[in-house]
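First up is the structure itself, then whatever we jot down about it.
Protein chains: 4
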Amino acid sequence: MGIVLGDNRYGKAETRVVRIVRDTPRHEIRDRNVSTALRGDFVDAHETGDQAHVLPTDSQKNTVLAYAREHGPASPEEYAVAVADRLLEASPYATSAQVRVEEYAWDRVAVGPEGHDHSFVRRGAETRTCAVTVEGRDVYHRVHVLSGLTDLTVLKSTGSEFKGFLEDRFTTLAETDDRVLATSLTAWWRWGPEHPSDWDAAYDDVKAVLLGTFATTYSRALQETLHLMGKAVLEARPALAEIRFSAPNKHHFVVDLSRFGIDNPGEVFHADDRPYGLIEAQVRRDDAADETVAWRDVPGFC
Amino acid sequence: MGIVLGDNRYGKAETRVVRIVRDTPRHEIRDRNVSTALRGDFVDAHETGDQAHVLPTDSQKNTVLAYAREHGPASPEEYAVAVADRLLEASPYATSAQVRVEEYAWDRVAVGPEGHDHSFVRRGAETRTCAVTVEGRDVYHRVHVLSGLTDLTVLKSTGSEFKGFLEDRFTTLAETDDRVLATSLTAWWRWGPEHPSDWDAAYDDVKAVLLGTFATTYSRALQETLHLMGKAVLEARPALAEIRFSAPNKHHFVVDLSRFGIDNPGEVFHADDRPYGLIEAQVRRDDAADETVAWRDVPGFC
Amino acid sequence: MGIVLGDNRYGKAETRVVRIVRDTPRHEIRDRNVSTALRGDFVDAHETGDQAHVLPTDSQKNTVLAYAREHGPASPEEYAVAVADRLLEASPYATSAQVRVEEYAWDRVAVGPEGHDHSFVRRGAETRTCAVTVEGRDVYHRVHVLSGLTDLTVLKSTGSEFKGFLEDRFTTLAETDDRVLATSLTAWWRWGPEHPSDWDAAYDDVKAVLLGTFATTYSRALQETLHLMGKAVLEARPALAEIRFSAPNKHHFVVDLSRFGIDNPGEVFHADDRPYGLIEAQVRRDDAADETVAWRDVPGFC
Amino acid sequence: MGIVLGDNRYGKAETRVVRIVRDTPRHEIRDRNVSTALRGDFVDAHETGDQAHVLPTDSQKNTVLAYAREHGPASPEEYAVAVADRLLEASPYATSAQVRVEEYAWDRVAVGPEGHDHSFVRRGAETRTCAVTVEGRDVYHRVHVLSGLTDLTVLKSTGSEFKGFLEDRFTTLAETDDRVLATSLTAWWRWGPEHPSDWDAAYDDVKAVLLGTFATTYSRALQETLHLMGKAVLEARPALAEIRFSAPNKHHFVVDLSRFGIDNPGEVFHADDRPYGLIEAQVRRDDAADETVAWRDVPGFC
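Chains as they are written, first to last, in this note's numbering: chain A, 1 to 302; chain B, 1001 to 1302; chain C, 2001 to 2302; chain D, 3001 to 3302.
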């Protein structure tokens, strides 16, 4: 019986690369935070300190930067695949490479009918994400693509109830027919083998379906709402195999103003920081393969 | 010679009050973070622990919440004035009250031509702010209003240079004719005695002038750009006495790809976190009174 | 072929409960951030909105608070087991309950030889953690305990090299025989069926072994150092089955002062924020069972 | 009547410089975050974009780094004075220079009786600060030194009351004879013309007086406690002219467990995030000059 090295990976996290497309006077921006990770045969690095198998994380960073020149203008998914393929090529002892991208959106400053050519204001809403895992080479080469978003903060000011729940000795919550429902959504959707021709359009479409479903459905619980959102996305995009959600229930408590002789018909709320409900759920096609490798390095979603 | 109490104030910081207007099926949201502070004769509280002059911060919080019922739908400036007036009324030993508001914008979810009635998505861009100080009572009653914004992140991908600067033995920076200029702007503008009839419209207008000036002027330094933005705002709004800026120079460094045989004609940048230049400047009318009291409790701007 | 609900869980995150033991004039503090999660048969909540199986997260919060009265003075591990057992008891449709605890240490204010009885100063160093998963009932009842820490920031000012690594066309990093090695360590160690009699002492012991090994071993790479730390912990505590690490390589770059005619023999460094290397590794006994369920809900470590 | 440039300053914020003293095998660390700012005649930079008066913030950063070689091992105050003097020397159009330092403490890893020679663990408690302003040259040369700390988090589990306060229609707070008092203290103390010979010892001494007074005095309100702490510091260090505090009242609410048939004699608390009371006060010698310039650039304390 002995002590052995288990699973391991390493990479360069959070390289902040900004790619400006300036071939014409009308510029474009791709503003990204890119993290890479390699798995493979790195036993010697751990056991003897021999680095011969190790492509330094500094070289991974340089790859992220250099590949932004040619591949930066493409969608985050295409860029991530290019970087991951290069990392596998550069690191013969790696068996898989993961590239994760956060992308921050910028709008043109509203000057003239089309907006300004080279002045931008950061949109600041949700962050678009992707996580690409490439494993194997040649005939074993496989590409797994997750697209997603984080910090999409939404709120329904009515059309939400919570009642009929299980009670125990520690239950003090009152049932409600009308509450504020708010969450800051993180979602990841996994593409099957067929990929969209336009990843940016696909992102916009999935986001629109998520928002539209949240807006137009009645909510008996955040769980039900997430399930409906997931179903709607999978129905809208047949190429998707599954979608996973993590959704904090951002509590808005009705303030009791009757103590002051003031009524409060669901109009004044205190938005609490902590604690918060945390609802996590997956919706998938029942014939979808279970692609553990695609999710393995996505914290909170594996 | 002795040791004495100097300047002091106290209040309740960061009450997160959300006011939903739901008189009709088409709801509105005012989502705010409200901080209050009182100055006055609170010597006993410090010297003997006697609290007879002290309106508890808990009561200040209750005032913030209760006043959201009647005054919450109004602009942050009108709401802040109402709360500050009430705090002075409730606390006879206070000589001035300050109410600061951060307001977070929400958009309707894009469903149908007008957007959804009661489902919203947080905009996430800049935060609107105001800081109202009310001092005195009756004929001595004065109201000072600052409006502002924070975290308005803007970027010019060209039209910015930096050269001709002073050099010393520690200067290694190269001059540049074409760089990325980016900042995350905080600005406060002080209203003179005449106030706008529509505070929300005034905010949108000032923000548009700030953005438009940033976009359409050539920049020889962030200092020059801030000065131009300030001048444009004061020219556009005669009721304003002054404007103050704090602007981190968010450095975007061109990556040297020539090491890899790749050119980089100002297209691939690394966005650095720290250190950053920090530029702070005020622009004012030369006949504006120096209203120290309006700025006294605005950290970083007094 | 249809769309189905996949894996799901829900709970109350980040209840900030402080337990003060004041049976005698010499008080004790347990300051914690507690998160709970349940898995089980919650299909109806997702598919029809029926909440009959759902113990509200508010009741879970109340349980966390109420159990602090009796179980709060115990170690975080014992407290977490008590809360998890209660949640399973209260929620007949749950199949497993997880309770995660972050604990913040306080020191007595240094007054007199023993420190003050009831005045404390927050230590502020690493955060102690535990994650307990209880599954099944009666004869199927199983308890999985992970203990850990986060934000243990350590630095070696010499005794660290990095050389002999794989090179590709994007490698520009120079080899080094003497560098600063720094990391902000997160570690989780999993207990086998035998548990320590004194969890607090066990925590102190594991932490001391981690620190001592980091301090006294030469480092050819962060990977090697983590592996040595993991081995030392497993050797010191036979009841442990495995340990997992996540360690950002907090880069300290030697500043080139020769441009100014000043030497810098490894004395002045710039500490960079981003990007950073991220090294993750597991060390385990080769006969340890693979307890997926213990790790399933620990983001970044499953 | 025109629009004019008002007060302005610029500098380089948050250069993270780490100075390791390695003249002997027993190393020392000074880990700092340094910000600089210049005031002076920079009108042209704002009005015409002419940078001839402007020492780039990049050169200021280089100065911070280069001066760490010779002056880094000294106290933060001595280092800051050296950097500020150099900035005034390098920038003939500047009239004053401010250097602010945050310093993070490290302990030796506990190996052997004296701790390890070159392995350290970050202490993580409060951050030590200083803010040095140098104005004028030659006979007009003046040095203003503020020392301070931030994030010193302290708690009294008894010996604190709050009662006898002013009530209005919005008061619902109950009086209490025994509560938890907790704050995360920020303090700045200003030195008169006479400076301590050992700045590090002076810091330790002031901190000890602050903690000792907090611990050993009964509190009728946070205001009273701050006042006592300030008085004790000024009494202990005759060279100090004044001290200023900002202290959030970190509320710990007793949880009502009687709903569950459980008593709670001041033992289980919920630690709330927001809102929080915010108490700010100054204590000074009555004959101390009013050194506005020393405080002018310290956000929240001027």
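Don't be surprised by glycine CBs; every beta carbon is placed ideally from N, CA and C. From a predicted model like this one, the values you see are computed outputs, not experimental measurements.
Interface partners of residue i on chain A, CB under 9 Å
| i | result |
| --- | --- |
| D/D3273 | D272, D273 and R274 |
| C/L2234 | I3 |
| C/A2052 | G164, F165 and L166 |
Chain-ordered neighbours of residue i on chain D, where CB pairs are closer than 9 Å
| i | result |
| --- | --- |
| A/T57 | What A/T57 touches in chain D: nothing, since even the nearest Cβ is about 20 Å away. |
Whole-Å CB distance - residue i paired with residue j, under 8 Å assumed
| i | j | result |
| --- | --- | --- |
| C/P2248 | C/S2184 | 6 Å |
| A/A66 | B/L1228 | At roughly 37 Å, the Cβ-Cβ gap does not stay under 8 Å, so A/A66 and B/L1228 are not in contact. |
| C/G2159 | C/Y2218 | 5 Å |
| B/T1075 | B/D1200 | Here the sequence assigns Ser to residue 1075 of chain B, which means Thr is not the residue at that position. At roughly 5 Å, the Cβ-Cβ gap stays under 8 Å, so B/S1075 and B/D1200 are in contact. |
| A/L71 | A/E77 | Before going further, note that residue 71 of chain A is His rather than Leu in the sequence given. Their Cβ separation, rounded to whole angstroms, is 11 Å, which puts A/H71 and A/E77 out of contact at 8 Å. |
Host beta strand (DSSP E) of residue i (start-end)
| i | result |
| --- | --- |
| D/G3002 | First-last for D/G3002: undefined, no H or E at that position. |
| D/N3249 | L3240 to N3249 |
| A/D321 | Because chain A spans 1 through 302 in this model, residue 321 of chain A falls outside it and cannot be assessed. |
| D/V3111 | Where D/V3111 is concerned, there is no enclosing beta strand (DSSP E), given that its DSSP letter is neither H nor E. |
| C/E2028 | E2028 to G2040 |
| A/T15 | T15 to V21 |
| B/H1053 | That residue, B/H1053, is in no beta strand (DSSP E); it is neither H nor E in DSSP. |
| B/H1270 | V1268 to A1271 |
| D/A3182 | L3181 to W3191 |
| D/V3121 | S3119 to R3122 |
Segment limits, alpha helix (DSSP H) that includes residue i
| i | result |
| --- | --- |
| B/D1138 | Looking at the DSSP string, B/D1138 is not in any alpha helix (DSSP H), and its letter there is neither H nor E. |
| A/G277 | Segment Y276 to R285 is the beta strand (DSSP E) holding A/G277; no alpha helix (DSSP H) there. |
| B/G1212 | W1199 to T1216 |
| A/N62 | T57 to H71 |
| B/L1234 | L1222 to A1236 |
| D/H3046 | V3043 to E3047 |
Beta-carbon neighbours of residue i, restricted to chain B and to distances below 9 Å
| i | result |
| --- | --- |
| C/R2259 | F1170 and T1172 |
| A/I262 | A1066, R1069 and E1070 |
Under 7 Å from the C-beta of residue i: neighbouring residues of chain D
| i | result |
| --- | --- |
| C/V2018 | H3252, F3269 and A3271 |
| B/P1299 | P3299 and G3300 |
| B/A1045 | A3221, Q3223 and E3224 |
Interface partners of residue i on chain A, CB under 7 Å
| i | result |
| --- | --- |
| B/K1012 | By Cβ distance, chain A contributes nothing, its closest Cβ being about 12 Å from B/K1012, past 7 Å. |
| C/S2091 | L166 |
Chain-ordered chain C contacts of residue i [CB-CB under 7 Å]
| i | result |
| --- | --- |
| D/G3072 | V2268 |
Under 8 Å by beta carbon: chain B residues contacting residue i
| i | result |
| --- | --- |
| D/L3088 | Those within 8 Å of D/L3088 in chain B number zero; the least Cβ separation is about 11 Å. |
Beta-carbon neighbours of residue i, restricted to chain B and to distances below 7 Å
| i | result |
| --- | --- |
| A/S96 | Within 7 Å Cβ-Cβ: nothing; A/S96 doesn't reach chain B, min ~24 Å. |
| A/V255 | L1065 |
| D/G3049 | R1220, A1221 and E1224 |
Partners in chain D for residue i, counting only beta-carbon separations shorter than 8 Å
| i | result |
| --- | --- |
| B/E1077 | Under the 8 Å cutoff, chain D gives no residues; its nearest Cβ is about 21 Å from B/E1077. |
Residue i beta carbon near the ligand ATP (any heavy atom closer than 8 Å)
| i | result |
| --- | --- |
| A/A174 | The ligand ATP is not among the ligands present in this structure, which contains no ligands whatsoever. |
Amino acids of chain E, ordered along the chain, whose beta-carbon sits closer than 8 Å to that of residue i
| i | result |
| --- | --- |
| D/L3181 | Looking at the structure shown, chain E is missing, and the protein chains on hand are A, B, C and D. |
Contacting positions in the region 3237-3249 of chain D - beta carbon closer than 8 Å to chain C: Hits within the stretch: zero.
- prompt: Do the region 3084-3097 of chain D and the region 3026-3040 of chain D meet, that is, are 3 or more Cβ pairs less than 8 Å apart?
  reply: Contact holds between the region 3084-3097 of chain D and the region 3026-3040 of chain D, because three or more Cβ pairs, one in each stretch, are under 8 Å apart.
field: Touching by the beta-carbon criterion (3+ pairs, under 8 Å), the region 1176-1194 of chain B and the region 43-58 of chain A
entry: Segments in contact, no.
query: Can you list, in chain order, the residues of the region 15-43 of chain A whose Cβ is nearer than 8 Å to any Cβ on chain B?
result: T15, R16, V17, V18, R19, I20, V21, R22, H27, I29 and D31
Contact the region 268-280 of chain A vs the region 2004-2012 of chain C: 3+ CB pairs below 8 Å: The region 268-280 of chain A vs the region 2004-2012 of chain C: in contact.
Residues within the region 3205-3219 of chain D neighbouring chain C, beta-carbon criterion of under 9 Å: A3208, L3211, G3212, F3214, A3215 and T3216
The region 3167-3178 of chain D / the region 3207-3223 of chain D touching (three or more Cβ pairs under 8 Å): no
Interface residues of the region 3104-3126 of chain D facing chain C [CB-CB below 8 Å]: W3106, V3109, A3110, V3111, H3116, H3118, S3119, F3120, V3121, R3122, R3123, G3124, A3125 and E3126
- request: Output, in sequence order along the chain, the residues in the region 134-165 of chain A whose CB is closer than 9 Å to any CB in chain B.
  value: D151, L152, T153, V154, L155, K156, S157, T158 and G159
Three CB pairs or more closer than 8 Å across the region 1021-1033 of chain B and the region 1117-1137 of chain B: Contact holds: three or more Cβ-Cβ distances are below 8 Å.
Meets three-Cβ-pair contact criterion under 8 Å: the region 2292-2301 of chain C and the region 2129-2148 of chain C: yes
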